[in-house]
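The structure appears right after this line, and notes come after that.
In the working numbering, the protein residues as written are 970 to 1424.
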C-alpha cells in the first residue's frame, strides 16, 4: 500500500467532511468526543475538589473553589483567542489553502507558548493580591494562594494543549484530543490519590497533579501535530508569529476572549457575594459550580461544532448548509441541556454528596442548583448564536451584546437587588435572567448578519 493511500486512510479516520453529506450525524460525531474531552478537563478540577473535600476538609475545599473564577479571569482571554485559531484554520483547510493553513498553525502554537509563559508569571506574582481583592476569607487565603501559584506554573502546557486541540478541531478531529485527555486524566487522578491521601499534601498535592497531567496532554497534542502528514503539520523550525495571520486570529479571538473575561469578572463578583456568607457557602458554591460546569461543557461542545462547521461552509460559500447546521445544533442543544439540567436538579443532593458529606454545604449547593439547572437550555441557546456568528468571522458585535446582556444584568442584580434579599437563591436568579435577556439581543444580531451574508 502506498504512502499516499495510507495517509488518506488516516485522514478519513480522524477528520470529518463538514461541507458535504448529512449534517446531524456529523455534528454528533464531532461534538461527542469534544464533550468527553471537556468533561475530562473538568474532571481534573472535580477530582481536586472531591479529594480535598473528602480528605482535607471544607476549608481546603473552599480554598480550591475560591480560585476558580479568578483563574478564569486570567486565562479566558487567551482561550478565547484559540477560537480565532479554530475559525481561521477551518476556513483555510476547507478551501484547500495549504500554505495559509501551515502559517496559521505555526503562528498559533508560537502564540500559545508565549502567552502561557506570560500567564504563568502574572498568575504567580499577583495571586494573593487578587484573592484579597475578591474578599477571600482569612481562614482560607493562604491555601488558596498556594494552590493558585502552583496551578499557574503549568499554564504554558495548558495553553499549548488548547491551541493545538483548536487546530485539530478545525479539520474535524476531536477524537485524538480525547485520547490524550483520557491518558492525562488517569494520571491526574492517580497522582491526586498519592499526593493528597498518601503524602497528605492537601491543596499543593492537587495542584501539582493537575499541572503534571496538563504537561502530558500538551506533549501528546504537540507530538500529534508534529507527526501529522498534511497542511497542518507542525515543524519546530517554522515556529514564529506572522502578523498577517495573527491579526486575523485576533479579529475573531480577542472579542471572544474579552467576552469570556468580562463574564468571568461577573462570576468573580458573584464569588465575592458568595464569600460574604462564609466558608460553608463557599464550599457549597464550589460543589454546585462544578456541576454547572459539566452542564456548560455539554452545550459548549455543540457550540464549538456549530462554529467549526459554519466556518468551513462559510469558507466554501455554502450558506444554506450553514442555516441547517444552526438548526440541527439548536435541536441538539435544547435536548441535551433539558435532560442534563433536569437530571442535575432531581439528583442534586446525591451529586453534591460526592463532593462533601457536610449537610450545610449540601444545603447551600442545592439553593444554587434549584434556580440554575432546569432553565439551563437558555444558556445553551444564548451560546449558540455567537458561535455561528464567529464561524462567519463576526465576533465583535456578539461580544458587546453578551457583555451588555450577561454582565450588565448580573451587575444590576448583585448591587441593586441582592443587598435587599440576601440569599444564595436570589443571588443566582441572575443566571437565567441574564441568559434570557442576552438571547433576544443575539437573535436580532444574527438575523441582521445572516441577511447581509446571504445577500
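Positions of the beta carbon are idealized from the N, C-alpha and C atoms, including for glycine. Please read all numbers here as calculations on a predicted model, not as lab measurements.
Secondary structure note for residue 1207: it is in no alpha helix (DSSP H), with a DSSP letter that is neither H nor E. Taking 8 Å as the cut-off, the Cβ atoms of residue 1042 and residue 1237 count as close.
Of 1140, 1402, 1155, the smallest CA-CA separation from residue 986 is found for 1140. As the crow flies, the alpha-carbon of residue 1144 is around 44 Å from that of residue 1387. Taking the Cβ atoms as the reference, residue 1117 lies roughly 11 Å from residue 1179, outside the contact range of under 8 Å. By the 16-neighbour rule on beta-carbons within 10 angstroms, residue 1206 is exposed. Bounds of the alpha helix (DSSP H) holding residue 1260 are 1248-1284.
Shown here, residue 1076 sits in a helix according to DSSP, grouped into three states.
Our two residues, residue 1029 and residue 1252, have alpha carbons roughly 9 Å apart in a direct line. Looking only at 1096, 1061, 1047, the smallest Cα-Cα distance to residue 1230 is reached by 1047.
Residue 1380 and residue 1235 have their C-alpha atoms spaced approximately 7 Å apart. Secondary structure at residue 1198: coil, using DSSP grouped into helix, strand and coil. When rounded, the separation of the alpha-carbon atoms in residue 1257 and residue 1265 is 12 Å. With 16 or more other Cβ atoms inside 10 Å of its own Cβ, residue 1244 counts as buried. Under the three-state reduction of DSSP, residue 999 is assigned to helix.
The C-alpha of residue 1040 is placed about 10 Å away from the C-alpha of residue 1099. The beta carbon of residue 1032 sits closer than 7 Å to the beta carbons of 1109, 1112, 1113, 1116, 1172 from its chain, once the five residues preceding and following it are set aside; these are given in chain order.
Membership of residue 1315 in the alpha helix (DSSP H) is indicated by the continuous run 1288-1315. DSSP places residue 988 in the coil class of the three-state scheme, outside both helix and strand. Residues 1336, 1339, 1340 of the same chain have their beta carbon placed closer than 7 Å to that of residue 1394, with the five preceding and five following residues left out of the count.
In the structure shown, residue 1327 adopts coil according to DSSP, grouped into three states. Counted as a single uninterrupted DSSP element, the alpha helix (DSSP H) harbouring residue 1366 occupies residues 1365-1371. The DSSP assignment places complete alpha helix (DSSP H) segments of no fewer than 4 residues inside the stretch 1032-1077 at 1037-1063, in order along the chain.
Nearest to residue 992 by alpha-carbon distance, out of 1410, 1390, 1277, is 1277.
Positions of the beta strand (DSSP E) runs, each at least 3 residues long and wholly inside the stretch 1115-1180, cannot be given because no such run exists. For residue 1375, the three-state secondary structure derived from DSSP is helix. In the structure shown, residue 1392 falls within a coil segment according to DSSP collapsed to helix, strand and coil.
Listed in chain order, the non-local C-beta contacts of residue 1136 below 7 Å within the same chain comprise 1054, 1058, 1074, 1077, 1194, 1201, local neighbours out to five positions each way being set aside. A buried status is given to residue 1352, since no fewer than 16 other beta-carbon atoms sit within 10 Å of its beta-carbon.
Annotation: residue 1403 to residue 1378 spans about 5 Å, alpha carbon to alpha carbon. Of the candidates 1153, 1128, 1415, 1049, 1415 places its Cα closest to the Cα of residue 1296.
CA-to-CA, the gap between residue 1250 and residue 1127 works out to about 30 Å. Just measuring C-alpha positions, the residue of 1289, 1281, 1158, 1349 sitting nearest residue 1309 is 1349.
The three-state reading of DSSP puts residue 1007 in helix, counting H, G and I together. With fewer than 16 other CB atoms across the displayed protein chains lying within 10 angstroms of its CB, residue 1389 is exposed.
The Cβ atoms of residue 1344 and residue 1358 do not sit closer than 8 Å to each other.
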